[in-house]
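Colleague: This structure is in structure tokens; I'll ask about it shortly.
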Amino acid sequence: MSSAAETSSRLRLVVIATLLGSLFVTLGVRLYYVQVVRGDTYQTVAKDESMRKIILQPARGLIVDDRGVPLANNRSVVDISLDRAVLAKMPTADRATALKRASQALHLSTSVIEKKIRTFRGGTVEPVPLVSDAAANVWIPIQEQPEVYKELVVNTSDTARNYPAPGGVNAADILGYISSITSAEYAKAQASNDPTLNATSVVGRAGVEQTYDKWLRGVPGYRAFAVDPNGQPIGGEGGEEIVQPQAGDTLVTSIDSRVQALAEQQLNQAIQTARNTVDTKVTHRKFVADWGAVVVMQAKTGRIVAMAQQPTYDPNMWVGGISTRNYTQLQSSGALLSRALQAQFPPGSTWKPFMTVGALSAGMAGSDKLDCSSGLMIGNRNFGNFDGESLGYIDFGEALAASCDTFFYRVGLHFWNQYGSNPADQNAKDPLGAMARQFGFGTPTGVDIPGESTGLVGDRQGKYAYWKQLKNYYCGVYAKNPTAWDARDFCIEGNYFRQGDAANFTIGQGENAVTPMQLARAYAALSNGGTVFEPTVGKAIVGPNGTVIQAIKPKVVRHVNGSAGAIDYVNNALIGTLKGQPAQPFNGTLAWKFGGFPVDQLGIRGKTGSAEGGVGKSSTGWVATYNKDYVVVMVIDQAGTGSGSSGDAVRAIWSALYGVGGPANAQTVDPKNAIFPNGIPTALPKIPADGGLQPAKGTQP
């Protein structure tokens, strides 16, 4: 028995020893794994637990005009954040007290603070932003009592975007605005290891702020410091690490703030004048004049000198986040729509010069005379001339100056009968539509501001594409309601290009739709002999040390495939728009606005247009003018004729560009009073190593 007992005891000891041995082996393996295999990871975690990191946002790059005048810069602000690590170490009751204390100090509800904590996308050691650009009466008490507000972090930076509006400049549709990075953008930045973006970054949302965002945003830095178990900073040598942020690059633009301010003022004044003028033609009420736009472009390069619109908004509204009320107001007012780039409307008679180039390039002659009758019957409809005017047989030049519709109806019918008598053949030759596309209509201009519209060339191809896009909808309406005759006609024959369509096409009506930017670019091509540019606002990207990182050169899209003689003919003819016609019983449509102006000396040409606005609406007025240097295009919706609504404003812009002054009937050019006395600036403003700006040589700030 004793032998059996001894055997049993030995077995128990063996089992216990085996268990202890296994335990020590497991512990050893675990220690090896923790200390060797995952040692670096756990050291990092431990270090993170004892470190706090504050992201130092970079100063966003400046946006300046052609002389170096800031259109967008930065200002100093105080931001207040919440240190989650400090909050996490507090007992539940103390945590609730801390949130309530922060709520009272920051004038935020606890639910808002909790939501900001919950939705914050930054790392675990980054403070959660609560208030940006805090008022002095908010941040001073917090900074003076760190022992009370130990969960709050006060940080001063020079990163708040500011739009200083030099000379009253708005330029919102050019500059755009900024807002906080979205979850999707942050995730993409993390996936691509983009060092320029973090959870609290702001990014450009419109205008050049968006287009050139990757240069403007800079590279963030950080301030890391050790903390004790209570979350308080630990002083001493090596207790803090600072990586300074890298400021963003400067965007030099071709915008001139003086021309921009003038364009904005003149557009606004023209709209206000229209709203106090009665429409005696259509509504017999005061003009609505609900929106307008103006573009000033360099004719030889496609660079934008000014671009303005109404309605507009203050881009400073977006800094630090926009309120729901303000955002709703912007949406309802239409201020967020870039009228120069996105408003698409029939161009009216401003279209006729391009039809003339097309007609002359396709075999007609400038001396060909057609009847400018008071009306023209096409089918069972009378296509009338403006105000029933009848001028007899005139040539192309006279038709352009007088803006005779019936003359151009006959031009359209000439080519329709020659090439396309089958209305269903969308592939029939159409030299007028082809020429419109040569001048860049129907496609985006490629301007370096996002979101522009394509417009529409309302020829055979354009009408077919429009019908194809909407066919299923209208056919569906007709299928459900056989008495919906309009839907039936569109469904079955909406792609037909009939004689009436050809007539309307040549005077800029029908399906034609252009943006002010497209029209300005096309008139620049007339001015420079047929070169179509990609319009640009950006001129150069310049680093903080003054080095030119990237020059933004004018980009040629194409050269118009038309007769050079045809373009010359149109250029000569369009001087008549601004002058009287002593040999004829009519004046140019802008002559009553440009009387006494030195048109010949400055070589200014132009065309007006009044596009039908629909049943019960006043027409939309266009004015397109140009010379060898500039193009000035203005449009005001529901404001009547182009010359009546915009003629005075366009004249004022030309006067400032060249220093025109004196009595109205005998004005002269004085270069000393011109905005550009030495011509358009080509040199970049000097940006020294300290980042300060100096005007370009030969200019005044």
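Residue numbers for the sequence shown follow the UniProt record's numbering, beginning at 1 and rising by one.
Each residue gets a CB set at the ideal place from its N, CA and C atoms; glycine is no exception.
From this set, 641, 422, 567, 505, which residue's C-alpha is nearest residue 524's C-alpha?
Modeller: 567
Colleague: Inspect the beta-carbon positions of residue 76 and residue 153 and report whether they are closer than 8 Å.
Modeller: no
Colleague: Ignoring anything shorter than 4 residues, give me the alpha helix (DSSP H) runs that lie fully in the region 339-421, in order along the chain.
Modeller: 339-342, 352-361, 396-402, 405-419
Colleague: Should the region 467-480 be called in touch with the region 343-351, which here means at least 3 C-beta pairs below 8 Å?
Modeller: The region 467-480, when compared against the region 343-351, does not touch it at the 8 Å Cβ threshold.
Colleague: Quick one, which of 505, 207, 270, 282 has its alpha-carbon nearest residue 408's?
Modeller: 505
Colleague: Could you say if the region 176-188 and the region 197-204 meet the contact criterion of at least three C-beta pairs nearer than 8 Å?
Modeller: yes
Colleague: Could you compute how far the alpha carbon of residue 513 sits from the alpha carbon of residue 453?
Modeller: Straight-line spacing of the CA atoms in residue 513 and residue 453 works out to 10 Å.
Colleague: Across the region 472-479 and the region 454-464, are there enough close Cβ pairs to call them in contact, namely three or more that are closer than 8 Å?
Modeller: Counting Cβ pairs under 8 Å, fewer than three are found: no touch.
Colleague: Residue 506 lies in the alpha helix (DSSP H); which residues open and close that run?
Modeller: Counting along the chain, the unbroken alpha helix (DSSP H) around residue 506 starts and ends at 499-506.
Colleague: Should residue 374 and residue 388 be called a contact, given that it needs their Cβ atoms to be closer than 8 Å?
Modeller: yes
Colleague: Roughly how many angstroms separate the alpha carbons of residue 694 and residue 70, rounded to a whole number?
Modeller: With a pLDDT of 48 at residue 694, under the threshold of 50, the predicted position of this residue should be treated as unreliable, though the coordinate-derived value follows. If you take the alpha carbons of residue 694 and residue 70, they lie about 11 Å apart.
Colleague: Quick one: using the 10 Å Cβ neighbour count with 16 as the cut-off for buried, is residue 480 buried or exposed?
Modeller: exposed
Colleague: Quickly, what does DSSP pair residue 559 with across the bridge? List them, please.
Modeller: 531
Colleague: Report, in whole angstroms, the separation of the C-beta atoms of residue 629 and residue 537, which I expect to be a contact under 8 Å.
Modeller: The Cβ separation is near 18 Å, so there is no contact.
Colleague: May I have the straight-line CA-CA distance separating residue 359 from residue 529, to the nearest angstrom?
Modeller: 17 Å
Colleague: Excluding the 5 residues preceding and the 5 following residue 83 in the sequence, name in chain order all residues of the same chain whose CB lies nearer than 6 Å to its CB.
Modeller: Excluding sequence positions up to five before and after residue 83, its CB lies within less than 6 Å of the CB of 127, 151, 153, all in the same chain and listed in chain order.
Colleague: Apart from the five residues on each side of it in sequence, which residues of its chain come closer than 7 Å, Cβ to Cβ, to residue 103?
Modeller: 109, 110, 113
Colleague: Between residue 318 and residue 326, what straight-line distance do the alpha-carbon atoms span, to the nearest angstrom?
Modeller: 9 Å
Colleague: Among 192, 175, 118, 331, which one has its Cα closest to the Cα of residue 210?
Modeller: Its Cα nearest to that of residue 210, the residue 175 stands out among 192, 175, 118, 331.
Colleague: Any contact between the region 635-644 and the region 595-612? By contact I mean 3 or more CB pairs, one from each, below 8 Å.
Modeller: yes
Colleague: Around the Cβ of residue 559, are there at least 16 other Cβ atoms within 10 angstroms (buried) or fewer (exposed)?
Modeller: Burial call: exposed.
Colleague: Is the region 293-308 close to the region 515-523, with three or more CB pairs under 8 Å?
Modeller: Touching, yes.
Colleague: So, for residue 661: in the same chain, excluding its five sequence neighbours on each side, which residues have a beta-carbon less than 8 Å away from its beta-carbon?
Modeller: 655, 667, 668, 670, 673
Colleague: Is DSSP giving residue 99 helix, strand or coil here?
Modeller: helix
Colleague: Taking buried to mean at least 16 other C-beta atoms within 10 Å of its own C-beta, is residue 704 buried or exposed?
Modeller: In the structure as shown, the chain begins at 1 and stops at 701. Residue 704 is therefore absent and cannot be evaluated.
Colleague: By how many angstroms is the C-alpha of residue 291 removed from the C-alpha of residue 271?
Modeller: 8 Å
Colleague: Would you mind listing the alpha helix (DSSP H) stretches within the region 78-159 that are 4+ residues and don't spill past its ends, in chain order?
Modeller: Within the region 78-159, the complete alpha helix (DSSP H) runs of at least 4 residues are 84-88, 92-106, 110-119, 136-144.
Colleague: Starting from residue 188, trace the alpha helix (DSSP H) in both directions and tell me its first and last residue.
Modeller: Note, residue 188: alpha helix (DSSP H), 183-191.
Colleague: Take every Cβ of the region 262-271, pair it with every Cβ of the region 299-315, and state whether three or more of those distances are shorter than 8 Å.
Modeller: As far as the Cβ criterion goes, the region 262-271 touches the region 299-315, which means the pair count is three or higher.
Colleague: Drop a sphere of 10 angstroms on the beta-carbon of residue 720, count the other beta-carbons inside from all chains shown, and report buried for 16 or more, exposed for fewer.
Modeller: The requested residue 720 does not occur in the structure, where the chain is confined to residues 1 to 701.
Colleague: Which term fits residue 45, buried or exposed, when burial requires 16 or more other beta carbons within 10 angstroms of its beta carbon?
Modeller: Because residue 45 carries a pLDDT of 46, less than 50, the predicted location of this residue cannot be relied on, and the following value inherits that uncertainty. Exposed, by the Cβ-count rule.
Colleague: Let me know the secondary structure DSSP gives residue 686 once reduced to three states.
Modeller: strand
Colleague: Using the three-state DSSP reduction, which class does residue 224 fall into: helix, strand or coil?
Modeller: Correct three-state label for residue 224: strand.
Colleague: With contact counted as at least three CB pairs below 8 Å, one residue from each stretch, are the region 159-166 and the region 52-72 in contact?
Modeller: yes
Colleague: In angstroms, rounded to a whole number, what distance separates the CA positions of residue 702 and residue 553?
Modeller: Since the first and last residues shown for the chain are 1 and 701, residue 702 lies out of range.
Colleague: Give every residue of the same chain whose Cβ lies closer than 8 Å to the Cβ of residue 278, excluding the five residues on either side of it in the sequence, and list them in chain order.
Modeller: 284, 285, 286, 287
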